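This report refers to the structure that appears directly beneath it.
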Amino acid sequence: MALGDWTTATAALQASLRRLAASERRARALGHADLAALYLRRGHLEKSLRHWHAFLGDFPALCSDRANCRLDDMRKLLASYPSHPGAAALLRRTRGLAGPAFAAPPGGGFRRGGGR
1 MALGDWTTAT AALQASLRRL AASERRARAL GHADLAALYL RRGHLEKSLR HWHAFLGDFP
61 ALCSDRANCR LDDMRKLLAS YPSHPGAAAL LRRTRGLAGP AFAAPPGGGF RRGGGR
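With the numbering used here, letter number 68 in the sequence shown gets 68, and the count goes up by one each step, no holes.
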């Protein structure tokens with residue numbers, strides 16, 4: 001696969017998602033997030049939204065810094081589409097979900113005193 005080969009990358013990610021077992025939630029969620037970001041960067045908003053919704057379907061069951069980062073990425077990427085009903089609905093769906101700002105610091109537990 002050549003660097004920047006979008007078509008091959010999306011086909012490989014889709015094939016990978018089809019092969020994942022139902023129990024492989026983290027891999028499936030991250031795959032959907034990666035596909036969603038790829039589609040959005042190519043201007044395919046509707047396809048992107050479908051994959052972001054699939055990502056969010058698995059997200060609550062995960063305890064993963066990578067998933068938290070993908071959630072933060074999704075929020076940043078979709079902030080460019082405030083008037084699109086599908087993007088707005090997806091962002092509403094993320095309310096109350098913890099992203100990196102709320103993740104536990106290394107070593108576990110939450111920091112006291114404003115997160116410093």
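Every residue, glycine too, gets a C-beta built ideally from N, C-alpha and C.
In this text, all values refer to a predicted model and were calculated from it rather than measured experimentally.
Could you check what DSSP says for F102 in three-state terms: helix, strand or coil?
Note that F102 scores 45 on pLDDT, short of 50, meaning its location in the model is unreliable; the coordinates nonetheless yield the value given after this. It is helical.
Quick one: give me the first and last residue of the alpha helix (DSSP H) that E46 is part of.
L45 to D58
Roughly how many angstroms lie between the CA atoms of T94 and A9, to the nearest whole one?
27 Å
Between the C-alpha atoms of W6 and A33, what's the straight-line distance to the nearest angstrom?
15 Å
Assigned secondary structure, S16 (DSSP; H/G/I helix, E/B strand, else coil):
helix
Mind checking R18: buried by the 16 CB within 10 Å criterion, or exposed?
exposed
Three-state secondary structure (DSSP) at D5?
coil
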